[in-house]
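Here's the structure, in C-alpha cells; my notes come after.
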Amino acid sequence: MKLTLRLCALACVLTTILAAQAAEPRATRSQNVVLFLVDGLRWQEVFTGADETLMTKDNGVENVDALKKKYWRDTPEQRRSALMPFFWSTIAHDGVVYGDQNKGSMVHVSNEYRISYPGYSEMTVGFADPRIASNEHKPNPSVSVFEWLSQKPEYKGRVAAFGSWNALPFIFNRERSGLFIDAGNEPVQDDPPSPAQELLNRIKRDVPPRYDAPTFYACLEYVKAHKPRALFFASGETDECAHEGRYDEYLNAAARADRFIKTLWELLQSLPEYKDKTTLIVDCDHGRGTGPEWKSHGKKFAGAENVWVAVMGPDTPNLGERSDTEPLILAQVAATVAASLGEDYCTAVPEAAQPLPDAVRTPAK
Ligand SMILES: [Zn+2]
613 MKLTLRLCAL ACVLTTILAA QAAEPRATRS QNVVLFLVDG LRWQEVFTGA DETLMTKDNG
673 VENVDALKKK YWRDTPEQRR SALMPFFWST IAHDGVVYGD QNKGSMVHVS NEYRISYPGY
733 SEMTVGFADP RIASNEHKPN PSVSVFEWLS QKPEYKGRVA AFGSWNALPF IFNRERSGLF
793 IDAGNEPVQD DPPSPAQELL NRIKRDVPPR YDAPTFYACL EYVKAHKPRA LFFASGETDE
853 CAHEGRYDEY LNAAARADRF IKTLWELLQS LPEYKDKTTL IVDCDHGRGT GPEWKSHGKK
913 FAGAENVWVA VMGPDTPNLG ERSDTEPLIL AQVAATVAAS LGEDYCTAVP EAAQPLPDAV
973 RTPAK
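The numbers in my numbering rise by one with no breaks, and the one at position 263 of the sequence shown is 875.
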C-alpha cells in the first residue's frame, strides 16, 4: 500500500474512533442524583421496625396500644414494612441497602463525634474533617461533592440543598459555594415564586423551627420549577423527637420521612427530565444510643457510630439487603453521589473514601 493510501486509511480509522467516542453513551444511565438524609434514625428501627421495649410510657409514648396497633407486628420484616413501607417495598426491592448489623453488614461514621454537622460533612465531603467537631454554625472549610459538581459547567445552577435545620448554609458554605440552599424557616428565594411557593413561605414564617413539611413541599415546588440535577434534602424530625424522648413521635417522624421519599420519588418519575435516569440515595448522619439511651447520641454513646445507607437507580443492581459485607463508612456516600452521575470524585479529591461497593455499576467500556 502506498503511503498516501495508508495515511488515508489511518485517517479513516481515526475518524471512526472519534465518531464512536462522540456517540458513546454516558458512563451511567443516571443523569440526576438525590441524597435524602433522615437525621439520627437508628439502623435498629430501619431494619427491625419498632422496638417493643421502647413502646412504653417511660419512653414518652402517650398511647401504647394505639402505637402498637400502628407499628407492632410479629416479625422484624413485618414491623419494618409497617414503619417504612416505601423503603422496603421499593428501595430495598429495586436497589441495595447497607447497614443491617444482624446480617453482618456494618456502616459506621468515621468521625469521632457522632453528631449532626460532622456527619453531614463526612457524607457530603467524603472524609471525616477534624476541623468539624461540633454543631457550631461555622462555614465548612471543605468543599462538598455538591459544590464540586456545581463547579462543572453541566451542573452549574443545577445543584440545590433543602433542610429544616438552619445549619445547612454553613455546612455547604453558601457564601463560598453559591449553592441554592433553603434552610430552616427562611423563605425560598424564587423569583418569581409560584403561588404555592408563596403560601409555603408564609407557612415557613409561622411554624416553629425544624418542622420538615414546609421545607419538603417547598423543595417539591423548586424541583418542578428548576429541575436540579443534584439535590440534597435533610429531614430532621426523627432527631428532634428522639431528643424530646418521644418514642411515638420518633416512629411517626420515620414513617413521615418514608412518605416524603415516596412523594419525591413519584414526582421525579412523573417528569421526563428524571424518569428512569435518577439515582436516589437515602441515609442518616449518626446513630443513637441503645436500650434506654436511644434518646441521645454523641461521642459517649456506644452504638451512635452505626448508620445505614440505601441506593436505588438505573445503574444500581437490585441486590437488596446486603449481608456479610466488608465494614463501610458514611464518607463513602460522597463519591457514590458523584459515581451515580458517572463522575470520579476520588481522583479529584484523593482523601475522599471510595464509592460504596455495588451501589453504581457502569457498563464495561
Ligand atoms: Zn441530635
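No residue lacks a Cβ here, since even glycine has one placed at the ideal position from N, Cα and C.
Own chain partners of Thr668 with C-beta closer than 7 Å, once the 5 adjacent residues on each side are dropped: Position 56 of the sequence shown, counted from the first residue, corresponds to residue 668. If we look at Thr668 and ignore the five residues flanking it on each side, its Cβ neighbours are Val676.
Taking the C-alpha atoms as reference points, what is the distance between Tyr957 and His855? Locating residue 957 in the sequence shown gives position 345, where the first residue counts as 1. Locating residue 855 in the sequence shown gives position 243, where the first residue counts as 1. Cα to Cα, the separation comes out at about 35 Å.
Pick from Gly652, Gln643 and Gly707 that is closest to Gly848, judged by C-alpha positions: The residue given as residue 848 occupies position 236 in the sequence shown. Ranking Gly652, Gln643 and Gly707 by Cα distance to Gly848 puts Gly652 first.
Can you check DSSP and say which residues form a bridge with Glu933? Residue 933 sits at position 321 when you count from the first residue of the sequence shown. In the DSSP output, where bridge partners are listed per residue, Glu933 has Val709.
Going by DSSP, name the residue or residues bridged to Val894. On the sequence shown, position 282 is the one that residue 894 refers to. DSSP lists Phe648 and Ala922 as partners of Val894.
Do Gly711 and Val721 come within 7 Å of each other at the CB atom, strictly closer than that value? As a working mapping, residue 721 is identified with position 109 in the sequence shown. As a working mapping, residue 711 is identified with position 99 in the sequence shown. It is not a contact, given that the beta carbons lie outside the stated cut-off.
For Ala779, which residues from the same chain have a beta carbon less than 7 Å from its beta carbon, with the 5 sequence-adjacent residues on both sides left out? Counted from its first residue, the sequence shown places residue 779 at position 167. The residues are Tyr729, Asn747 and His749.
Quick check: does the Cβ of Asp895 come within less than 6 Å of any heavy atom belonging to ligand 1? Here residue 895 is taken as the residue at index 283 of the sequence shown, counted from 1. Incorrect: Asp895 has no Cβ contact closer than 6 Å to ligand 1.
May I ask whether a heavy atom of ligand 1 can be found less than 6 Å away from the beta carbon of Asp851? The residue labelled residue 851 in the question sits at position 239 within the sequence shown. It does: the Cβ of Asp851 is within 6 Å (strictly closer) of some heavy atom of ligand 1.
Does the stretch 832-839 come close enough to the stretch 863-883 that 3 or more CB-CB pairs lie under 8 Å? yes
Could you give the residue range of the alpha helix (DSSP H) that holds Val737? What you label residue 737 is simply residue 125 of the sequence shown in a count that begins at 1. That run of the alpha helix (DSSP H) goes Ser728 to Val737.
For the beta strand (DSSP E) that contains Val673, what are its first and last residues? Walking along the sequence shown from the start, residue 673 turns up at place 61. Val673 -> no beta strand (DSSP E), and no H or E assigned at all.
The stretch 687-694 contacting the stretch 928-935, beta-carbon criterion three pairs below 8 Å: no
N-terminal and C-terminal residue of the beta strand (DSSP E) that Ala842 is part of: Position 230 of the sequence shown holds residue 842. Per DSSP, Ala842 belongs to the beta strand (DSSP E) from Ala842 to Ser847.
On a Cα-Cα basis, can you pick out the residue from Thr660, Thr928 and Lys887 that is closest to Tyr683? As a first step, residue 683 must be located in the sequence shown, where it is residue number 71. When only C-alpha atoms are compared, the closest one is Thr660.
Just curious, the beta strand (DSSP E) that Ala1004 is in, first and last residue? Any property of residue 1004 remains undetermined from this structure, which presents the chain solely from 613 to 977.
Rounding to the nearest angstrom, what Cα-Cα distance links Asn671 and Phe913 in this structure? For the purposes of this step, residue 671 is taken as residue 59 along the sequence shown, with counting starting at 1. For the purposes of this step, residue 913 is taken as residue 301 along the sequence shown, with counting starting at 1. Approximately 18 Å between the Cα atoms of the pair.
What's the C-alpha gap between Tyr829 and Asp895? The count along the sequence shown starts at 1 and reaches residue 829 at position 217. The count along the sequence shown starts at 1 and reaches residue 895 at position 283. Straight-line Cα distance between these residues: approximately 20 Å.
Does the Cβ of Val819 have 16 or more other Cβ atoms within 10 Å, making it buried, or fewer, making it exposed? The residue you call residue 819 lines up with position 207 of the sequence shown. It is exposed - the Cβ of Val819 has fewer than 16 other Cβ atoms within 10 Å.
Does the Cβ of Ser701 have 16 or more other Cβ atoms within 10 Å, making it buried, or fewer, making it exposed? In the sequence shown, the residue the question calls residue 701 occupies position 89. Counting Cβ neighbours within 10 Å, Ser701 comes out exposed, since fewer than 16 surround it.
Are Leu649 and Ala846 close, meaning C-beta to C-beta below 7 Å? In the sequence shown, the residue the question calls residue 649 occupies position 37. In the sequence shown, the residue the question calls residue 846 occupies position 234. Cβ atoms of Leu649 and Ala846: closer than 7 Å.
Thinking C-beta only, is Gly738 closer than 7 Å to Ala964? Counting from 1 along the sequence shown, the entry for residue 964 is found at position 352. Counting from 1 along the sequence shown, the entry for residue 738 is found at position 126. A contact, by the Cβ cut-off of 7 Å.
Here's the rule I'm using: 16 or more other beta-carbon atoms within 10 Å means buried, otherwise exposed. How should Ala678 be labelled? Residue 678 sits at position 66 when you count from the first residue of the sequence shown. Answer is exposed; the Cβ neighbour count stays below 16.
Could you tell me which residues DSSP puts in a beta bridge with Ile815? For this step, residue 815 is matched to residue 203 along the sequence shown. DSSP, once it has assigned bridges, lists no residue as partnering Ile815.
According to DSSP, what are the bridge partners of Leu940? Mapped onto the sequence shown, residue 940 falls at position 328. Partner(s): Val719.
Please report the straight-line C-alpha distance between Asp794 and Gly925, rounded to a whole angstrom. Residue numbering aside, residue 794 sits at position 182 when the sequence shown is read from its first letter. Residue numbering aside, residue 925 sits at position 313 when the sequence shown is read from its first letter. Distance between the alpha carbons of Asp794 and Gly925 is about 25 Å.
With burial defined as no fewer than 16 other Cβ atoms inside 10 Å of the residue's Cβ, what is the status of Lys907: buried or exposed? Position 295 of the sequence shown holds residue 907. Buried, because 16 or more other Cβ atoms sit within 10 Å of the Cβ of Lys907.
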